[in-house]
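A quick write-up on the structure given underneath.
Numbering (UniProt numbering), first residue to last: 1 to 317.
So, in structure tokens, the structure goes:
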């Protein structure tokens, strides 16, 4: 995709439009919250300011991920989106903690807040947040990076709704403590909603096995291919949620399959059709001293076990 094609793509356009709408929200909420002394509105404005950064990060990562692989970065920039999602989720959790501290402080030092104007400004913010969330919803279905930005806007919509409820309660009862109480409730929603994104993006960065795949099922499937004796040195990870990688060594029964290379195509097609893994590196062997080690322990390469480094694996092909 050329730069001009990328700039004209629907998702890029929606991200840019989201930045404009979110910028309007920030100005309206901060100025309005400062003018009427509403912690709820100013907290929401601060959260939206972080969202502005998250949207910029999502846009940058989206553009970067389309760049081709290079000699220096052989996987390209696909993981840029995962890094953006991780940072976005971390920011959401951190923001929730900061808002919680301010809300607790406000509970012990309440101030007068005009409920009507709180509802008006928060209502405008709610509409704008929902509009941006709808712009990003389709892209969030299979893109972790866009999902992070989408989650930010959904959380903002919840915050705006909470502020409206607080404003209504204050207008009807005069209980200004509702403002920080609603803020604390919103903090719980933010952290609960952000945690799955944080965990998923961290798992990808740690090169964990994707949650929808079970290693034992994959091993059993490979070993059920006629002629396969054993699978070992197995690694399954994802560059980003849509790109799953697999490498393994397969010990072949040379008596059943004299030409071991014949097994490569059936193993690849089976893993592709049953598990959706299309990028595989499979090493076929006739002998191996480490055939019982399903997962290779790489600690010896760094000497972290305290033992003397041992030579690399020796295989017979």
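Note that CB positions come from ideal geometry on N, CA and C, so glycine has one too.
Model, not experiment: these values are computed from the prediction.
Asked                                                                                                            : Found
The segment 70-90 / the segment 29-36 touching (three or more Cβ pairs under 8 angstroms)                        : no
From 260, 279, 198, residue whose alpha carbon lies closest to that of residue 246                               : 279
Identified DSSP bridge partners for residue 237                                                                  : 245
Close Cβ partners of residue 150 (< 7 angstroms) along its chain, the five nearest in sequence each way excluded : 133, 136, 137, 140
Rounded straight-line distance, which links the Cα of residue 187 to that of residue 146                         : 22 angstroms
Distance between residue 58 and residue 148 (C-alpha atoms, nearest Å)                                           : 8 angstroms
Residue 50 at chain E interface by Cβ criterion, 8 angstroms                                                     : No chain E is part of this structure, which consists of one protein chain only.
Contacting residues, own chain, Cβ-Cβ under 8 angstroms from residue 243 (five flanking each side not counted)   : 78, 279
Secondary structure of residue 270, DSSP reduced to three states                                                 : helix
Bridge partner(s) assigned by DSSP for residue 251                                                               : 230, 285
Span separating the alpha-carbon of residue 54 from that of residue 198                                          : 14 angstroms
Cβ pair count under 8 angstroms reaching 3, the segment 114-124 against the segment 220-228                      : no
Touch test, the segment 163-173 against the segment 117-129, Cβ-Cβ under 8 angstroms, three pairs minimum        : yes
Buried versus exposed, by CB contacts within 10 Å (16 or more), residue 15                                       : buried
Sequence-distant residues of its chain with Cβ nearer than 8 angstroms to residue 10 (five each side left out)   : none
Proximal residues to residue 178 (C-beta, below 7 angstroms), its chain only, five neighbours per side dropped   : 166, 169, 170
Cβ pair residue 157, residue 184 closer than 8 angstroms                                                         : no
Residue nearest to residue 203 in terms of C-alpha spacing, selected from 241, 174, 190                          : 241
Under 8 angstroms between C-beta atoms of residue 215 and residue 221                                            : no
Residue 268 versus residue 212 - alpha carbon distance                                                           : 19 angstroms
Sub-8 angstroms separation of residue 252 and residue 223 beta-carbons                                           : no
Three-state secondary structure assigned by DSSP to residue 126                                                  : helix
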